[in-house]
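Protein chains: 2
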Amino acid sequence: MSLIVTGTVGIDTVEAPTGSREDVLGGSCVYFAAAASFFSPVRIVAAAGDDLPDEHRRVLDHFTGIDTRGLEVRAGSRTFRWGCRYLDDMNERETLYTSLGVLEEEPPTVPDAFRDSQYVFLANSHPAVQMNMLSQLHQPTLAVADTMDLWINIAREELISLLERIDGVILNDSEARLFTGKSNLRHAAEKIIEYGPAFVVVKKGEHGCIMVHRDGIAALPAYPSREVVDPTGAGDSFAGGMMGSIAAQDDHSLHAIQHGLACGTVVASFNIESFTLDRLKTLDKNQLQARLAKFAEMVRVN
Amino acid sequence: MSLIVTGTVGIDTVEAPTGSREDVLGGSCVYFAAAASFFSPVRIVAAAGDDLPDEHRRVLDHFTGIDTRGLEVRAGSRTFRWGCRYLDDMNERETLYTSLGVLEEEPPTVPDAFRDSQYVFLANSHPAVQMNMLSQLHQPTLAVADTMDLWINIAREELISLLERIDGVILNDSEARLFTGKSNLRHAAEKIIEYGPAFVVVKKGEHGCIMVHRDGIAALPAYPSREVVDPTGAGDSFAGGMMGSIAAQDDHSLHAIQHGLACGTVVASFNIESFTLDRLKTLDKNQLQARLAKFAEMVRVN
Chain F
2 MSLIVTGTVG IDTVEAPTGS REDVLGGSCV YFAAAASFFS PVRIVAAAGD
52 DLPDEHRRVL DHFTGIDTRG LEVRAGSRTF RWGCRYLDDM NERETLYTSL
102 GVLEEEPPTV PDAFRDSQYV FLANSHPAVQ MNMLSQLHQP TLAVADTMDL
152 WINIAREELI SLLERIDGVI LNDSEARLFT GKSNLRHAAE KIIEYGPAFV
202 VVKKGEHGCI MVHRDGIAAL PAYPSREVVD PTGAGDSFAG GMMGSIAAQD
252 DHSLHAIQHG LACGTVVASF NIESFTLDRL KTLDKNQLQA RLAKFAEMVR
302 VN
Chain D
2 MSLIVTGTVG IDTVEAPTGS REDVLGGSCV YFAAAASFFS PVRIVAAAGD
52 DLPDEHRRVL DHFTGIDTRG LEVRAGSRTF RWGCRYLDDM NERETLYTSL
102 GVLEEEPPTV PDAFRDSQYV FLANSHPAVQ MNMLSQLHQP TLAVADTMDL
152 WINIAREELI SLLERIDGVI LNDSEARLFT GKSNLRHAAE KIIEYGPAFV
202 VVKKGEHGCI MVHRDGIAAL PAYPSREVVD PTGAGDSFAG GMMGSIAAQD
252 DHSLHAIQHG LACGTVVASF NIESFTLDRL KTLDKNQLQA RLAKFAEMVR
302 VN
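Heads up: the protein sequence lines correspond to chains F and D, in order. All letters in the first sequence, in the order written, are residues 2 to 303 by the working numbering. All letters in the second sequence, in the order written, are residues 2 to 303 by the working numbering.
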């Protein structure tokens, strides 16, 4: 079924103990769509400036099934740019700079051809912008949103309004604690559900994720990677794998989402093996399925 | 099949944000045996002083299948005593005092009737003491040891000699990193296996565990508890559930140990719901099996 993502296309600079990359392709929409494309066709809605290099644009064509008709490349505008540095253990990072560019302009419009999308992912953005995107869609089957500490701090009311309208939310452990004031993640997730969504996925980075759903609870470890080159995009590629799998199954029951969590975990584990989309670009579906089968064996308990 | 544990019987004082308990029953052997007893009969080898209150002694009789013939209560000796304080988030603790008592004397002897034990757990102790215990057993099927940062720092050579003789080792993430100098846990565990054991279980507290085994890798989240009252004994009850399950299955293949990891995870999740053994004392097998089934559903990916 039709899957759509709204978010950013960015130009990233990353410094890490494993190396550095300057002005590479990034952005939530990009990581999400690349990951999702292994499971389902995916439509993207995002804006970029005319400084977005052609080679970055062409990266998206590398992935079968990414529909870029919703990517607005605006003359005279600047693409969102972001730089970060990872610290020694790769679990902490500091932002070097953020240049909003086109993100300070009007948000992109959802093309008419995309308005019938059934599965929706609203990547991290101001909750009012996410709400606006959602309102342009006719009747989605499942709408899921990401968020971040910034919006929890400065746009809490808008975020609460959004939670009343969506089916699922994905956020980090620290964000779940910040939003609810509860340190126990199960309590925090249960509290978030009271605002409206049927499920909450709490991402714990190298420690995996837990999901609290009205119908039950799921918990998975991260894939135990030998090699982490660049964690950038881990959360968005996780969400992409999860939503891509759900759209492919055309099922958003607890069990279908649980399978999605595993798909997200595994595709994210490939993503962090390289800078930008280098690893996902060379990944084939057989490799992905093989690691997915291996992961299923790893968490087998009976 | 016969399961044996060597370790401590202790008198603990615990201060936590959830409350405090003074001079309650504790010790690695006690938590291990109580947890293991839900799966398999278990023999304990430990020493205590004659200051061990009768009521503490009687707690062990509460659990069906704990064979206490190897518990030496020594006249004129003092029981091991330990006090600790948990900090706000329960993931950090500080030791308030340690009074070794009987642990400074000769280690206990393995009774003749226990020397045919097939499944062996050497709870945390000086590796030379663990080696001595192991050498008193005829021909164990599977010997697994716990250790701690202290021995890694001051008895590294003896620990390496022990690793050459045992089949499995259980340790914390920080200990695995300390022993190997590798921050990536998969690398660290793979490095430990090079010293001899067939498998290494790395405990990550609230984040679950990973196991690297010569035949494959396993990873599980912790059970997402709503209520953590006292984490004391979590590691030992985890090991008890794991080894009890392995002994009950009489199988130490990768899959049998994986099932053991789930059993350990679940029994430990009950243990931390109370101080000392209060929760395990009231736990019945049906409750345990029900949570085990729930946990299996939580980590289900297909």
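Ideal placement from N, C-alpha and C gives every residue a C-beta, glycine not left out. A quick note: this is a predicted structure, and the numbers were derived from the prediction, not measured.
Test: residue i CB closer than 8 Å to a CB of chain D
i                      : result
residue 205 of chain F : yes
residue 105 of chain F : no
residue 251 of chain F : no
residue 140 of chain F : no
residue 184 of chain F : yes
residue 214 of chain F : no
residue 290 of chain F : no
residue 169 of chain F : no
residue 273 of chain F : no
residue 297 of chain F : yes
residue 174 of chain F : no
residue 263 of chain F : yes
residue 18 of chain F  : no
residue 179 of chain F : no
residue 127 of chain F : no
residue 260 of chain F : yes
residue 285 of chain F : no
residue 13 of chain F  : no
Bounding residues of the beta strand (DSSP E) (the contiguous stretch that carries residue i)
i                      : result
residue 143 of chain D : 143-147
residue 271 of chain F : Residue 271 of chain F -> not in any beta strand (DSSP E); alpha helix (DSSP H) instead, spanning 255-272.
Sheet register partners of residue i (DSSP bridge)
i                      : result
residue 334 of chain D : An answer regarding residue 334 of chain D cannot be provided, because it is not within the stretch 2 to 303 covered by chain D.
residue 20 of chain D  : D:17
residue 173 of chain D : D:204
residue 221 of chain D : D:210
residue 121 of chain F : F:5 and F:144
residue 96 of chain D  : D:85
residue 1 of chain F   : A query on residue 1 of chain F cannot be resolved here, the shown segment of chain F reaching from 2 to 303 and no further.
residue 26 of chain D  : D:12
Cα-Cα separation, residue i to residue j
i                      : j                      : result
residue 28 of chain D  : residue 169 of chain D : 21 Å
residue 137 of chain D : residue 222 of chain D : 36 Å
residue 263 of chain D : residue 235 of chain F : 27 Å
residue 40 of chain D  : residue 290 of chain D : 10 Å
residue 109 of chain D : residue 275 of chain D : 30 Å
residue 104 of chain D : residue 302 of chain F : 37 Å
residue 48 of chain D  : residue 218 of chain D : 36 Å
residue 20 of chain D  : residue 193 of chain D : 38 Å
residue 182 of chain F : residue 106 of chain D : 49 Å
residue 76 of chain F  : residue 11 of chain F  : 16 Å
residue 94 of chain D  : residue 293 of chain D : 28 Å
residue 121 of chain D : residue 259 of chain D : 17 Å
residue 32 of chain F  : residue 278 of chain D : 48 Å
residue 59 of chain F  : residue 124 of chain D : 58 Å
residue 56 of chain F  : residue 96 of chain F  : 25 Å
residue 154 of chain D : residue 227 of chain F : 26 Å
residue 134 of chain D : residue 111 of chain D : 7 Å
residue 239 of chain F : residue 216 of chain F : 22 Å
residue 174 of chain D : residue 286 of chain F : 33 Å
Terminal residues of the alpha helix (DSSP H) in which residue i lies
i                      : result
residue 130 of chain F : 128-136
residue 278 of chain F : Unbroken run through residue 278 of chain F: none, as it is neither H nor E.
residue 154 of chain D : 150-155
residue 238 of chain F : 235-250
residue 187 of chain D : 186-194
residue 295 of chain D : 286-299
Within-8 Å CB hit, residue i to chain F
i                      : result
residue 218 of chain D : yes
residue 226 of chain D : yes
residue 301 of chain D : yes
residue 304 of chain D : This structure cannot speak to residue 304 of chain D, because chain D is shown only from 2 to 303.
residue 188 of chain D : yes
residue 1 of chain D   : Nothing in the structure corresponds to residue 1 of chain D, since chain D is present only between 2 and 303.
residue 54 of chain D  : no
residue 63 of chain D  : no
residue 211 of chain D : yes
residue 222 of chain D : yes
residue 150 of chain D : no
> In chain order, which continuous runs of the alpha helix (DSSP H) of length 4 or greater are located wholly inside the stretch 28-94 of chain D?
Replying inline: 29-37 and 55-62
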